[in-house]
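A.B. asks: For reference, the structure I am asking about is given below.
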Amino acid sequence: MALTKNQRRTRIKNRIRKVVSGTEARPRLTVFRSNKEIYAQIVDDVNGKTISAASSRDKDISSAKGNKSEIATLVGKAIAEKALKAGVETIAFDRGGYLYHGRVKSLANGAREAGLKF
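Numbering (numbering that gives the first Met the number 0), first residue to last: 0 to 117.
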């Protein structure tokens, strides 16, 4: 029997997480994408701490106009600004089992523009 989309994404996500892990020096930028919103977190897996988070539901971003990809770029810039304030410059990107395309790619490019190094 064929896998559902979520089962397939979970398998890919687990395969990625075997390799990508966040440390204190190089935390992990993880992405979750729903049909309407997009969320990003910077996580230190060694200490089990979330350093910063941003989403399209934040007040300053939710009031912005544009399509989903443009909103994702704003979320990327917001997470990068919060990370730089927290003293994080380099990260490991975790695409969360999604293809590096569309909104996920826009978020990553927005974070790069704002100063994060992948």
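Ideal Cβ placement from N, Cα and C applies to all residues, glycine included.
Determine, using beta-carbon pairs with one atom in the segment 24-36 and one in the segment 0-10, whether at least three such pairs fall under 8 Å.
C.D. replies: no
A.B. asks: Distance, Cα to Cα, K48 vs T22?
C.D. replies: 10 Å
A.B. asks: Is it the case that the segment 66-78 contacts the segment 102-109, given that we only count it when at least three CB pairs across the two stretches are under 8 Å?
C.D. replies: Touching, yes, given that three or more Cβ pairs across the two stretches are closer than 8 Å.
A.B. asks: Considering only their Cβ atoms, is the gap separating R56 from E36 smaller than 8 Å?
C.D. replies: yes
A.B. asks: So if DSSP puts D93 in a beta bridge, which residue, or which two residues, is it bridged to?
C.D. replies: Partner(s): T29.
A.B. asks: Taking the straight line between their C-alpha atoms, what separation do you get for R111 and G75?
C.D. replies: 8 Å
A.B. asks: What residues are listed by DSSP as bridge partners for S54?
C.D. replies: Y38
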